[in-house]
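One structure below.
Number of protein chains: 2
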Amino acid sequence: MNKEKIGYYIKMRRSLLSITQNDLAEIAGISLRSLKDIETGKGNPTLNQLEKIAEPLGLVIKLEVRNG
Amino acid sequence: MNKEKIGYYIKMRRSLLSITQNDLAEIAGISLRSLKDIETGKGNPTLNQLEKIAEPLGLVIKLEVRNG
DNA sequence: GTCTAAAGTGCATTATGCTGCACTTATAAT
DNA sequence: ATTATAAGTGCAGCATAATGCACTTTAGAC
Chain G
1 MNKEKIGYYI KMRRSLLSIT QNDLAEIAGI SLRSLKDIET GKGNPTLNQL EKIAEPLGLV
61 IKLEVRNG
Chain L
69 MNKEKIGYYI KMRRSLLSIT QNDLAEIAGI SLRSLKDIET GKGNPTLNQL EKIAEPLGLV
129 IKLEVRNG
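In the order they appear, the protein sequences are chains G and L. To convert, note that position 50 of the first sequence is 50 in the numbering used here; the numbers rise steadily by one, no gaps. To convert, note that position 61 of the second sequence is 129 in the numbering used here; the numbers rise steadily by one, no gaps.
Take a look at the structure:
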């Protein structure tokens with residue numbers, strides 16, 4: 001998953017949970033500006049930022065061997 | 069996966085492929101210093117850094133729904 | 001023990017992510 | 001067409017990730 005896909009995935013997941021960017025940013029404890037950049041595939045978030053966003057969305061970050 | 073686990077996973081994967089930190093850093097196109105910090109769970113790498121490291125190791129970064 | 005290669009650490013500099021502010025652009029409802 | 005809400009953008013300042021250098025520590029080979 002590249003930045004664009006990760007951003008899109010977060011956006012879709014947030015949409016599924018029916019919360020706004022503003023709400024998620026507050027819950028996650030990050031700036032609205034950063035969340036917007038991440039969802040639009042811009043920027044280059046740190047692992048901390050991603051984890052803060054993933055957690056309230058019920059998502060987890062994984063590192064796996066390609067394919068299998 | 070938190071920073072520590074991701075670092076450890078990278079370290080183990082690199083070890084499995086029998087390459088040094090120096091080699092991986094060069095192949096990945098990142099600094100040796102950064103790779104060291106990432107493998108030891110220090111620092112807070114960006115998505116770009118992780119992707120650069122993951123690629124030559126045959127790893128992929130994923131974002132998934134927790135559990136299922 | 002010595003020697004060597006690999007891995008880890010402290011520190012200063014540079015590059016860039018994170019943030020807040022102001023503004024613009026959708027999108028939807030009335 | 002107006003209004004309201006959510007989402008996207010440019011920019012500047014601050015915080016910190018990324019880097020290079022010098023050094024120390026560890027792990028193995030001899």
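Cβ coordinates follow ideal geometry from the N, Cα and C atoms, glycine included. Note that the structure is predicted; figures quoted are calculated from it, not measured.
If you follow the beta strand (DSSP E) that Ile121 (chain L) is in, where does it begin and where does it stop?
Unbroken run through Ile121 (chain L) is the alpha helix (DSSP H), 115-125; no beta strand (DSSP E).
So Asn44 (chain G) and Asn116 (chain L) are supposed to be a Cβ contact under 8 Å. How far apart are they, rounded?
With a Cβ gap of about 5 Å, Asn44 (chain G) and Asn116 (chain L) count as contacting.
So if DSSP puts Lys130 (chain L) in a beta bridge, which residue, or which two residues, is it bridged to?
For Lys130 (chain L), which the question treats as bridged, DSSP gives the partners G:Lys62.
Report yes or no: is there a C-beta of chain G within less than 8 Å of the C-beta of Asn90 (chain L)?
Not closer than 8 Å to any Cβ of chain G, the Cβ of Asn90 (chain L) fails to qualify, so no.
I'd like to know whether the C-beta atoms of Lys130 (chain L) and Lys62 (chain G) end up nearer to each other than 8 Å.
Yes, Cβ-Cβ distance for Lys130 (chain L) and Lys62 (chain G) is below 8 Å.
Of the choices L:Asn135, L:Val133, L:Val128, L:Arg134, whose alpha-carbon is the least far from that of Tyr77 (chain L)?
Nearest C-alpha to Tyr77 (chain L): L:Val128.
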